[in-house]
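Enquirer: Just so we're aligned, residue 10 is where the sequence shown starts under UniProt numbering, counting upward by one.
Don't be surprised by glycine CBs; every beta carbon is placed ideally from N, CA and C.
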Amino acid sequence: PLVVFGSVNIDVVARLKHLPAPGETLHALGAHLGLGGKGANQAVAVARLGASVVLAGRTGDDMFADYARAALLREGVNSDHLLRTPQDMTGLAMICTDAAGENSIAVAGGANMTMDESDVERLVPLLSANAVVLMQCEIPMDVILAAARRIAAIGAMLVLDPAPVPAAGLPDALFGLAGVMTPNETETELLTGLRPHDVDSALEAARRLHARGLERAIVKLGARGVVFSDAGGHGFVPPFRVAAIDSVAAGDCFNGGLAVALSRGMDLGHATRFAAACGALATTRKGASEAAPTLAEVEALLAG
Ligand code: ADP
Numbered sequence: 010p011l012v013v014f015g016s017v018n019i020d021v022v023a024r025l026k027h028l029p030a031p032g033e034t035l036h037a038l039g040a041h042l043g044l045g046g047k048g049a050n051q052a053v054a055v056a057r058l059g060a061s062v063v064l065a066g067r068t069g070d071d072m073f074a075d076y077a078r079a080a081l082l083r084e085g086v087n088s089d090h091l092l093r094t095p096q097d098m099t100g101l102a103m104i105c106t107d108a109a110g111e112n113s114i115a116v117a118g119g120a121n122m123t124m125d126e127s128d129v130e131r132l133v134p135l136l137s138a139n140a141v142v143l144m145q146c147e148i149p150m151d152v153i154l155a156a157a158r159r160i161a162a163i164g165a166m167l168v169l170d171p172a173p174v175p176a177a178g179l180p181d182a183l184f185g186l187a188g189v190m191t192p193n194e195t196e197t198e199l200l201t202g203l204r205p206h207d208v209d210s211a212l213e214a215a216r217r218l219h220a221r222g223l224e225r226a227i228v229k230l231g232a233r234g235v236v237f238s239d240a241g242g243h244g245f246v247p248p249f250r251v252a253a254i255d256s257v258a259a260g261d262c263f264n265g266g267l268a269v270a271l272s273r274g275m276d277l278g279h280a281t282r283f284a285a286a287c288g289a290l291a292t293t294r295k296g297a298s299e300a301a302p303t304l305a306e307v308e309a310l311l312a313g
């Protein structure tokens, strides 16, 4: 079984000619409400690939929580373990985008940031030795660490997206607990001190991640492809050629695909290629969770 333990946001997106300056009020060209948050995005990415998935986390008890649940239900994500906490607001991302594709974003973590040990206790019954768990870094780091310890103790596989890297960095213990980590270029630099720009520098960064205790490293290079490395070897997956228009949630679709592939027993190299196809397809569509591809689309791209 696949389990996501992480964040749920509602994205409020305004499309503008240019980003508002301080004190400026602008009329948007259009606006859009969508399901976002890295946890929810990765859960939807898994579901669209035809795998069953549980999303455990927290929302408030407000209209955004209703919206999130309805969207998750439509996508076939099990939200039975999404707790409503009336004292908090559902996570909210207020996003302004301009014609050039630039954006500015304010995120109010709300209920996501109130997750605590009790959520870890609610997660444990969902786990088993053959479970694959997806986590990201939009919930408190002590909760991530506590969950990672329980996941490792049960023998389940943890796919950790170190996004965003907290200001204090990641605790050393996490590197040994996460089976797989998937930093992008910025996150890799924050974790290793090395900004990867090609295969060799990405492999060097992967070596530094291994040195911190990480078993399987995946260094994502955006439109330049992705490098993977574990005890079985290492390699490079070149980017799939697609008409990219919006990179939002590409990383989330990558991780959803990676988890599905690993849960089906693929080795790291094949799983990375499957994931890269998912990430590439996500860039061809606008939106966060809405951008996730279906299994048929991924298989078609893989078949060339
Ligand atoms: P994140 O969204 O976490 O910053 P990336 O931007 O590296 O991560 O995107 C995740 C993955 O999606 C990449 O590793 C790659 O496989 C795929 N991808 C992203 N942008 C493109 C692109 N322009 N063309 C093809 N594949 C892409």
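At which residues does the beta strand (DSSP E) containing A40 begin and terminate?
Expert: Against the sequence shown, residue 40 aligns to sequence position 31. 39–45 is the span of the beta strand (DSSP E), which, as asked, contains A40.
Enquirer: Closer than 8 Å by C-beta to S16: which residues in its own chain qualify, once you throw out the five before and the five after it? Chain order, please.
Expert: Within the sequence shown, numbered from 1, the residue matching residue 16 stands at position 7. Same-chain partners within the cutoff: G46, K47, G48, A49, G66, G100, G118, N121, Q145, E147, I148.
Enquirer: With respect to 6 Å, is the separation between the Cβ of P302 and the closest non-hydrogen atom of ligand 1 below this value?
Expert: Stepping through the sequence shown from its first residue, residue 302 is reached at position 293. Every heavy atom of ligand 1 is 6 Å or more from the Cβ of P302, so no.
Enquirer: Since I believe P302 is in contact with A291 (beta carbons under 8 Å), could you give me their beta-carbon distance rounded to a whole number of angstroms?
Expert: Locating residue 291 in the sequence shown gives position 282, where the first residue counts as 1. Locating residue 302 in the sequence shown gives position 293, where the first residue counts as 1. With 8 Å as the limit, A291 and P302 qualify as a contact, their Cβ atoms being about 6 Å apart.
Enquirer: So who's on the other strand from K229, going by DSSP bridges?
Expert: Translated into the one-based positions of the sequence shown, residue 229 becomes position 220. K229 has V235 as its beta-bridge partners, per DSSP.
Enquirer: For M103, which residues does DSSP report across the bridge?
Expert: As a first step, residue 103 is located in the sequence shown; it is residue number 94 there, counting from the start. Paired residue(s): V21, A115.
Enquirer: On a Cα-Cα basis, can you pick out the residue from L186, A54, L38 that is closest to G222?
Expert: Looking up residue 222 in the sequence shown gives position 213. For G222, the nearest C-alpha among the options comes from L186.
Enquirer: Relative to the C-alpha of R159, which candidate in A177, A172, A182, A176 has its C-alpha closest?
Expert: Along the sequence shown, one-based indexing puts residue 159 at 150. Measuring from the Cα of R159, the nearest candidate turns out to be A182.
Enquirer: Between the C-alpha atoms of V257 and L304, what's the straight-line distance to the nearest angstrom?
Expert: Locating residue 257 in the sequence shown gives position 248, counting from the first residue. Locating residue 304 in the sequence shown gives position 295, counting from the first residue. Going from the Cα of V257 to the Cα of L304 covers about 19 Å.
Enquirer: Report the CB separation of P171 from M190 in whole angstroms; it is logged as a contact under 8 Å.
Expert: Working through the sequence shown from its first residue, we reach residue 171 at position 162. Working through the sequence shown from its first residue, we reach residue 190 at position 181. Confirmed, about 6 Å.
Enquirer: Under the criterion of a Cβ to heavy atom distance below 6 Å, does V141 qualify as lining ligand 3?
Expert: In the structure on display, ligand 3 does not appear, and the ligands it does have are ligand 1.
Enquirer: Which residues bound the alpha helix (DSSP H) around G278?
Expert: On the sequence shown, position 269 is the one that residue 278 refers to. Taken as a continuous stretch (DSSP letters only), the alpha helix (DSSP H) holding G278 covers 277–291.
Enquirer: What do you reckon, are the CB atoms on V53 and E33 nearer than 7 Å?
Expert: Position 44 of the sequence shown holds residue 53. Position 24 of the sequence shown holds residue 33. Cβ atoms of V53 and E33: not closer than 7 Å.
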